[in-house]
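Inspection log for the structure reproduced underneath, given as structure tokens.
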Amino acid sequence: MADKLAGLAEALGKHEDAAELREFADASRDAFNARFFNPTLHRCTNGGGSRATPTH
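Using this note's numbering, you'd call the opening residue of the sequence shown number 18 and step up by one each time.
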């Protein structure tokens with residue numbers, strides 16, 4: 018969602034706001050992946066561990 022808002026801010030000429038929103042979007046994505054992405058299973062799970070239950 019924040020990446021969409023960044024695009025809108027950019028289109029409106031709000032370049033500083035767009036940059037902040039992109040940073041937020043990147044940080045949010047990274048935090049989500051760190052918590053839920055399971056590299057062994059190559060998908061998101063409820064805890065990231067190899068024994069975690071896949072989310073639907």
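In this text, a Cβ means the ideal position worked out from N, Cα and C, and glycines have one as well.
For clarity, every value in this text was computed on a predicted model and none was experimentally measured.
Applying the 10 Å Cβ sphere with the 16-neighbour rule, what's the burial state of L25? As a working mapping, residue 25 is identified with position 8 in the sequence shown. Classified as exposed, L25 has fewer than 16 neighbouring CB atoms from the shown chains inside 10 Å of its CB.
For the candidate residues A35, G30 and F54, whose alpha-carbon lies nearest to that of A23? As a working note, residue 23 is residue 6 in the sequence shown. Nearest Cα to A23 within the set A35, G30 and F54: A35.
Assigned exposure category for L58 - 16 Cβ within 10 Å defines buried: The sequence position of residue 58 within the sequence shown is 41, counting from 1. Under this definition L58 is an exposed residue.
Based on Cα-Cα distance, which residue from A44, F53, F54 and A51 lies nearest to M18? On the sequence shown, position 1 is the one that residue 18 refers to. The shortest C-alpha separation from M18 is found at A44.
Could you pull out every residue in the same chain whose Cβ sits closer than 7 Å to the Cβ of L38, ignoring the five residues on either side in sequence? If you number the sequence shown from 1, residue 38 lands on position 21. The beta carbon of L38 lies closer than 7 Å to those of A19, L22, A23 and A26 in the same chain, with the five residues before and after it left out.
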